[in-house]
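Student: Residue numbers (our numbering): 21 to 327. Cβ coordinates follow ideal geometry from the N, Cα and C atoms, glycine included. Shown below is the structure under consideration.
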Ligand SMILES: Cc1cc2nc3c(=O)[nH]c(=O)nc-3n(C[C@H](O)[C@H](O)[C@H](O)COP(=O)(O)OP(=O)(O)OC[C@H]3O[C@@H](n4cnc5c(N)ncnc54)[C@H](O)[C@@H]3O)c2cc1C
């Protein structure tokens, strides 16, 4: 059985939980995806380190996932291991406040929206734009998640990754080439902690900004059906959603997947969608946009288990 030796080596050797043949549909916001050979919820840094060793010993491909809110996993699943961050990576604190400025130090497994809420409760401004973005801090830093105006890279002081074979490595904000939905963090490094810049703000103003952001999301995004957010990156100077909408593709469906009627850059799972359905829509939309506008739309979502 592929991966079973690695499973046996990890089971009992890590504090966290190890699953064999774990359906990824359970771990993605799309509710789509076949099994990963191994799915490991690492409880500590040494768990992640142990995973690296075992994966290397067995030549097992692996990837790290947060809440799977930007992932499309193939129907055949992933012939490798998925690493996620558990208990030791869910801490956060606001140390060293000086003259109204502070750092928010948080583990890579903390849910981003919870951080935004906690900053608000502490009277700190800076994370309002991130409220409503599903997923973990690690995923948000890797993706440089954000809104049209602000992104994670803009509030990073530094972050720490675990690099296989080397250990902990710290990046200052300016060490990374932050860009639109791109951090430059090399794939294969696991973000274990982020240090974010926050500043004392006016509670009413922080709340107003967060509420405005949530209101905009509720009115423009299909939040009651499974999706992975925006499927395509906006091409330079254009909006992927507007291009798709202008071609009359809202409502275009394949199997159980459909281009959202509310937001043309969302492809939603109406209940029984397969990854193949979503991919078929992606291909069709790309072809039509290329024919009509010459733009080659690039996916923002990340693919796992596709060859
Ligand atoms: C309804 C909805 C709305 C959304 N709105 C937005 C939005 O407004 N703005 C926006 O930018 N995104 C948005 N997204 C997309 C998604 O929520 C973000 O990209 C989010 O930051 C992904 O976090 P995650 O923890 O779920 O990462 P995952 O989806 O699990 O992973 C995404 C990528 O990050 C990598 N990764 C995850 N954790 C780590 C880690 N600890 N270290 C290194 N790499 C890691 C993965 O390998 C993968 O390549 C939306 C998604 C949904 C479903």
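Relative to the alpha-carbon of residue 96, which residue among 311, 36, 296 has its alpha-carbon at the smallest distance?
Tutor: Position 76 of the chain shown holds residue 96. For the residues 311, 36, 296, the minimum Cα distance to residue 96 belongs to 296.
Student: Count the other CB atoms within 10 Å of the CB of residue 172; is the residue buried (16 or more) or exposed (fewer)?
Tutor: Working through the chain shown from its first residue, we reach residue 172 at position 152. The residue is buried, with at least 16 neighbouring Cβ atoms inside 10 Å.
Student: Can you say whether residue 194 is buried or exposed, counting buried as having 16 or more other CB atoms within 10 angstroms of its CB?
Tutor: Locating residue 194 in the chain shown gives position 174, where the first residue counts as 1. The residue in question, residue 194, is exposed, as its Cβ has fewer than 16 Cβ neighbours within 10 Å.
Student: Say yes only if the C-beta of residue 210 is nearer than 7 Å to one or more non-hydrogen atoms of ligand 1, and no if none qualify.
Tutor: Working through the chain shown from its first residue, we reach residue 210 at position 190. For residue 210, the CB falls within less than 7 Å of some heavy atom of ligand 1.
Student: In angstroms with no decimal places, state the Cα-to-Cα distance between residue 79 and residue 27.
Tutor: Here residue 79 refers to the residue found at position 59 when the chain shown is read from its first residue. Here residue 27 refers to the residue found at position 7 when the chain shown is read from its first residue. Taken atom to atom, the span from the alpha-carbon of residue 79 to that of residue 27 is near 13 Å.
Student: Shortest alpha-carbon distance to residue 289 belongs to which of 45, 36, 33?
Tutor: For the purposes of this step, residue 289 is identified with residue 269 of the chain shown, where counting begins at 1. Selected option, being the one with the closest Cα: 45.
Student: Could you give the C-beta distance for residue 282 and residue 308, rounded to a whole number, given that I count them as a contact under 8 Å?
Tutor: Your numbering for residue 282 matches position 262 in the chain shown. Your numbering for residue 308 matches position 288 in the chain shown. Going by Cβ atoms, the distance from residue 282 to residue 308 rounds to 19 Å, so no, they are not a contact pair.
Student: I'd like the span of the beta strand (DSSP E) that includes residue 99, first residue to last.
Tutor: On the chain shown, residue 99 is found 79 positions in, with the first residue counted as 1. 98-105 is the span of the beta strand (DSSP E), which, as asked, contains residue 99.
Student: With a threshold of 7 Å, establish whether the CB of residue 162 neighbours any heavy atom of ligand 1.
Tutor: The sequence position of residue 162 within the chain shown is 142, counting from 1. True, at least one ligand heavy atom lies under 7 Å from that Cβ.
Student: Which ranges would you report for the alpha helix (DSSP H) in the stretch 171-251 if only whole runs of at least 4 residues count?
Tutor: Assignment of alpha helix (DSSP H) within the stretch 171-251, counting only whole runs of 4 or more residues, yields 223-240 in chain order.
Student: Within its chain, find whatever has a CB closer than 6 Å to the CB of residue 189; leave out the 5 residues flanking it on each side and keep chain order.
Tutor: For this step, residue 189 is matched to residue 169 along the chain shown. Hits under 6 Å: 181, 183.
Student: Just how far apart, CA to CA, sit residue 231 and residue 196?
Tutor: Your numbering for residue 231 matches position 211 in the chain shown. Your numbering for residue 196 matches position 176 in the chain shown. Whole-angstrom Cα-Cα distance: 31 Å.
Student: Can you tell me whether residue 84 sits near ligand 1, meaning its C-beta is under 7 Å from at least one heavy atom of the ligand?
Tutor: Translated into positions along the chain shown, residue 84 becomes position 64. Result yes, Cβ under 7 Å from ligand 1.
Student: Could you give the residue range of the alpha helix (DSSP H) that holds residue 140?
Tutor: Reading the chain shown from its first residue, position 120 is the one you call residue 140. First-last of the alpha helix (DSSP H) with residue 140: 132-141.
Student: Is it the case that the Cβ atoms of residue 143 and residue 223 are separated by a distance below 8 Å?
Tutor: Mapped onto the chain shown, residue 143 falls at position 123. Mapped onto the chain shown, residue 223 falls at position 203. For residue 143 and residue 223, yes; Cβs fall inside 8 Å.
Student: Would you tell me roughly how many angstroms separate the C-alpha atoms of residue 60 and residue 101, rounded to the nearest one?
Tutor: Here residue 60 refers to the residue found at position 40 when the chain shown is read from its first residue. Here residue 101 refers to the residue found at position 81 when the chain shown is read from its first residue. If you take the alpha carbons of residue 60 and residue 101, they lie about 7 Å apart.
Student: So is the beta-carbon of residue 141 under 7 Å away from any non-hydrogen atom of ligand 1?
Tutor: Here residue 141 is taken as the residue at index 121 of the chain shown, counted from 1. Outside the cutoff, so no.
Student: Should residue 87 be labelled buried (16 or more other beta-carbon atoms within 10 Å of its own) or exposed?
Tutor: In the chain shown, residue 87 corresponds to position 67, counting from 1. Result: buried.
Student: Could you tell me whether any non-hydrogen atom of ligand 1 is closer than 7 Å to the CB of residue 310?
Tutor: To locate residue 310, count along the chain shown from 1; it is residue 290. Result no, Cβ not under 7 Å from ligand 1.
Student: When every heavy atom of ligand 2 is checked, does at least one fall within less than 7 Å of the C-beta of residue 217?
Tutor: Absent from the structure shown: ligand 2. Ligands present: ligand 1.
Student: Rank 67, 248, 262 by C-alpha distance to the C-alpha of residue 287 and give the top, closest one.
Tutor: Translated into the one-based positions of the chain shown, residue 287 becomes position 267. Measuring from the Cα of residue 287, the nearest candidate turns out to be 248.
Student: Tell me where the alpha helix (DSSP H) around residue 75 begins and ends.
Tutor: Position 55 of the chain shown, counted from the start, is the residue given in the question as residue 75. Here the alpha helix (DSSP H) through residue 75 covers 65-78.
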